[in-house]
Every structure is written in C-alpha cells, then in structure tokens.
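Undergrad: Provided herewith is a single structure, encoded as structure tokens, for subsequent inquiry.
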Amino acid sequence: METLTLHPKETDAGKRVDAWLAGQIEGLTRSAVQRLLEEGRVLREGKPLAKNGRLTGAETLTVSLPDPEPIDAQPQNIPLDVVFEDADVIVVNKPKGLVVHPAPGHPDGTLVNALLYHCGGSLSGIGGALRPGIVHRIDRDTSGLVIAAKNDFAHQALAAQLQDHSLSRTYQCVAVGGFRADSGTVDAPIGRHPVERKRMAVVPNGRPAVTHWEVLERFPGFTHLRCRLETGRTHQIRVHLAHLGHPILGDTVYGAKKPVPGLQGQCLHAVGLRFLHPRTGELVELSCPLPEAFQLQLDKLSRRSGVF
2 METLTLHPKE TDAGKRVDAW LAGQIEGLTR SAVQRLLEEG RVLREGKPLA
52 KNGRLTGAET LTVSLPDPEP IDAQPQNIPL DVVFEDADVI VVNKPKGLVV
102 HPAPGHPDGT LVNALLYHCG GSLSGIGGAL RPGIVHRIDR DTSGLVIAAK
152 NDFAHQALAA QLQDHSLSRT YQCVAVGGFR ADSGTVDAPI GRHPVERKRM
202 AVVPNGRPAV THWEVLERFP GFTHLRCRLE TGRTHQIRVH LAHLGHPILG
252 DTVYGAKKPV PGLQGQCLHA VGLRFLHPRT GELVELSCPL PEAFQLQLDK
302 LSRRSGVF
C-alpha cells in the first residue's frame, strides 16, 4: 500500500477535497477519490475526512492508496518492433492503437501482454500486476519508443533517471497554427480538468510540468515541431500545446476541430530516447523513423499548403 502526504496551500481553502485530490494524484479520478474518502483512506491531521469535506488551506493530508487489483495478464503473441534489447532493458516502437498496459476495458491485447510473451515472463515486478516492466507510458493513439525493464534493478535505475531528467524523451508532432518564435518552453502545471474529468488541463494546483519545443518546419496553418519532455504528466505535450492555442493535428480531445482522414488520433510520435544503461552506465541513444501516416500528413502539407 502506497501512502502520500500532501500539503494544500492557503489559496486552496474552501475547495472540495475530492476535486482537489483528483487534480493532484495522476491517474486518480474524482470518483476513485470519493471511494477512498468513503473507506477512510484520506486523513486530515490523522482524522478521516468526510466525502464532502473541504480544505482549510492549512492542513496536512495523508492518502493511503490501495494496492492495485491484480489483473491476470497473460502472454500474447503480438508482434513487436524491437529497437533495443539486452538482459536488462527492452525498447520497442509502439504502434498507434496499442494500449500500454491492461486496465478496465482493456484486459488484454496490450503492450504488456506482448512483452510477457516476447520476454518469456521476464519483466520487473515494481510496476505491479497492472504494469510489469513499464517504466513510462505513452497514449494509446501516440506511437513511438517505450522502454521497459526486465528486472527490478533496471527498473529502479531507470525510474531514478526519470526523476532527475537524465532519461530524455523526444517527440515530433504537427501542431495547428504558426509559431512566432523558433523555440520555447512551456512551464505550466497539469492536473485533472475541473469539469471534464477524463481530460487533463493546465490548472493552478496541478503537478509541475515542463515541455521544451522547437520548430522543424513551417507550413501555412500548421507547424512541424520537436518536443522534449522534462517531466512526464499524462497527455503533457497535448495539453501544453493546446494551452498555447496550438493543439496537435487530429487531437479532437484537446481542441483540433475534426479527425484527419488517414490519421488515427493525434499526429504525435515518440521519436527518440536517451538514457544511461542501468548496469553499465553507458549512454544509450535510440531513435525511430516517423510512421507512414505521420509522414503522409507532412507530404500533404507540403503539396497542398496546409489545405485538407
């Protein structure tokens, strides 16, 4: 069981605890927080909080998260595009449409099922039954490089690199609109959207999130960008670019007007990974090409001047 200690600010006074916590704890919905409150897992100064409790802005909250319910993830022979593999680490180029790990609604057919088959069950246990081996995630409809650990030693080392930002993740995307500058940084906290709970948003009391971007190519009405994550919040690049007023092409969740023919979801690809090998300490730099559907959009933009 994982225990979190949180300290609301004075500006949080009067906010509902369930809504505030849902914005603070990544992956936890408001309904899930309410269940924690009902079960007495949320304490203020050691005393359980009511389901409709509100913050004073001068308290300490302790949240006891239950262990994830086990999902009997079975090995499945799903083809993998393996970019790098040794006894400690495996990196794959995940296609669009493939969910990273089992979850309600997606009990199988995931990257985890494929990795269990490919690795013969040799994945770290730190991620628990839900996410064996998974060091970081990318969205279902985002393609590109994902790293997984084959043992707990490797997992702990890679997780530490995520924390100190020495594990670098680079993406490319096509954003709607033009950028005046050639590069920039978005430093804006991300949390659960205050109304639409399935979305994330830039919110005052969200978790710190930093995205660095640079222009690769400009088209009328669109821009081809390279983005580097300094942090790794849910939907971070999608949320940050939408916050700038430049949602990613095809991302109807965060502001693109309509789906793009020939493109599943958003035009976003995890193109590069750089990390120190957990056992040898050597620098590992990996990349993968843009998928065909992404390149097709770039070709259309070049030929048609951004008109679809």
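Numbering (this note's numbering), first residue to last: 2 to 309. We put the beta carbon where it would ideally sit given N, CA and C, even for glycine.
1. Strictly by DSSP, which residues pair up with H270?
2. Can you find the residues in the same chain that come closer than 8 angstroms, C-beta to C-beta, to R208, ignoring five residues on each side of it along the sequence?
3. State the DSSP-derived secondary structure class of V113, mapped to helix, strand or coil.
4. What does the alpha-carbon distance come out to for the pair G263 and G145?
5. Under 6 angstroms Cβ to Cβ from R138, same chain only, skipping five residues before and after it: list those, please.
6. With DSSP run on the structure shown, which of helix, strand or coil describes R389?
7. What span of residues does the alpha helix (DSSP H) with K301 cover, start to end?
8. For V84, which residues of its own chain have a beta-carbon under 7 angstroms away from its beta-carbon, when the five flanking residues on both sides are left out?
9. Between which two residues does the beta strand (DSSP E) containing R229 stretch?
10. Exposed or buried, G178, counting other C-beta atoms within 10 Å across all chains shown (16 or more means buried)?
11. Got a sec, what are the start and stop residues for the alpha helix (DSSP H) H241 sits in?
12. For the beta strand (DSSP E) that contains A1, what are its first and last residues?
13. For P279 versus D87, is the C-beta spacing smaller than 8 angstroms?
14. Excluding the five sequence neighbours on either side, which residues of its own chain have a C-beta within less than 6 angstroms of the C-beta of L81, listed in chain order?
15. Do you know how far the Cα of V285 is from the Cα of Q157?
16. Can you tell me which of the three DSSP states G98 falls into?
17. Alpha carbon to alpha carbon, how far is K10 from D19?
18. What are the boundary residues of the beta strand (DSSP E) that includes V254?
19. Given a threshold of 16 other Cβ atoms within 10 Å of its Cβ, counted over all protein chains shown, does V196 qualify as buried or as exposed?
20. Taking C228 as the reference, give the member of G222, D300, K97 and L242 with the closest Cα.
21. Taking the straight line between their C-alpha atoms, what separation do you get for Q162 and L168?
22. Could you tell me the distance, in whole angstroms, from the CA atom of V216 to the CA atom of T186?
TA: Once the coordinates are examined:
1. As a first step, residue 270 must be located in the sequence shown, where it is residue number 269. In the DSSP assignment, the residues bridged to H270 are S144 and Q173.
2. Against the sequence shown, residue 208 aligns to sequence position 207. Taken in chain order, the residues that qualify are Q25, E27, P190, I191, G192, T232 and R234.
3. Here the question's residue 113 lines up with position 112 in the sequence shown. Residue state, collapsed to three classes: helix.
4. For the purposes of this step, residue 263 is taken as the residue at position 262 of the sequence shown. For the purposes of this step, residue 145 is taken as the residue at position 144 of the sequence shown. The alpha-carbon atoms of G263 and G145 are separated by roughly 18 angstroms.
5. Walking along the sequence shown from the start, residue 138 turns up at place 137. Only V101 meet the Cβ criterion.
6. It is not possible to answer for residue 389, since the shown part of the chain is limited to 2 through 309.
7. As a working mapping, residue 301 is identified with position 300 in the sequence shown. Counting along the chain, the unbroken alpha helix (DSSP H) around K301 starts and ends at E293 to R305.
8. As a position in the sequence shown, residue 84 is number 83, starting the count at 1. Listed in chain order, the non-local C-beta contacts of V84 below 7 angstroms within the same chain comprise V92, V93, N94, L146, L287 and C289, local neighbours out to five positions each way being set aside.
9. If you number the sequence shown from 1, residue 229 lands on position 228. That run of the beta strand (DSSP E) goes F223 to L230.
10. Locating residue 178 in the sequence shown gives position 177, counting from the first residue. With fewer than 16 Cβ atoms within 10 Å of its Cβ, G178 is classed as exposed.
11. For the purposes of this step, residue 241 is taken as the residue at position 240 of the sequence shown. Where H241 is concerned, the enclosing alpha helix (DSSP H) stretches over Q237 to H244.
12. The question about residue 1 has no answer here: the residues shown for the chain are numbered 2 through 309.
13. In the sequence shown, residue 279 corresponds to position 278, counting from 1. In the sequence shown, residue 87 corresponds to position 86, counting from 1. Not closer than 8 angstroms, so no.
14. Here residue 81 is taken as the residue at index 80 of the sequence shown, counted from 1. The answer, listed in chain order, is V93, A115 and H119.
15. The residue you call residue 157 lines up with position 156 of the sequence shown. The residue you call residue 285 lines up with position 284 of the sequence shown. If you take the alpha carbons of Q157 and V285, they lie about 17 angstroms apart.
16. Counted from its first residue, the sequence shown places residue 98 at position 97. It is coil, neither helix nor strand.
17. What you label residue 10 is simply residue 9 of the sequence shown in a count that begins at 1. What you label residue 19 is simply residue 18 of the sequence shown in a count that begins at 1. K10 and D19 have their C-alpha atoms roughly 15 angstroms apart.
18. By one-based count along the sequence shown, residue 254 stands at place 253. Unbroken run through V254: none, as it is neither H nor E.
19. Within the sequence shown, residue 196 is the residue found at index 195, counting from 1. By the neighbour-count rule (16 or more Cβ atoms within 10 Å), V196 is not buried but exposed.
20. Translated into positions along the sequence shown, residue 228 becomes position 227. Closest in alpha carbon position to C228, among G222, D300, K97 and L242, is L242.
21. Locating residue 162 in the sequence shown gives position 161, where the first residue counts as 1. Locating residue 168 in the sequence shown gives position 167, where the first residue counts as 1. Distance between the alpha carbons of Q162 and L168: 5 angstroms.
22. As a first step, residue 216 is located in the sequence shown; it is residue number 215 there, counting from the start. As a first step, residue 186 is located in the sequence shown; it is residue number 185 there, counting from the start. Between V216 and T186, the C-alpha separation is close to 12 angstroms.
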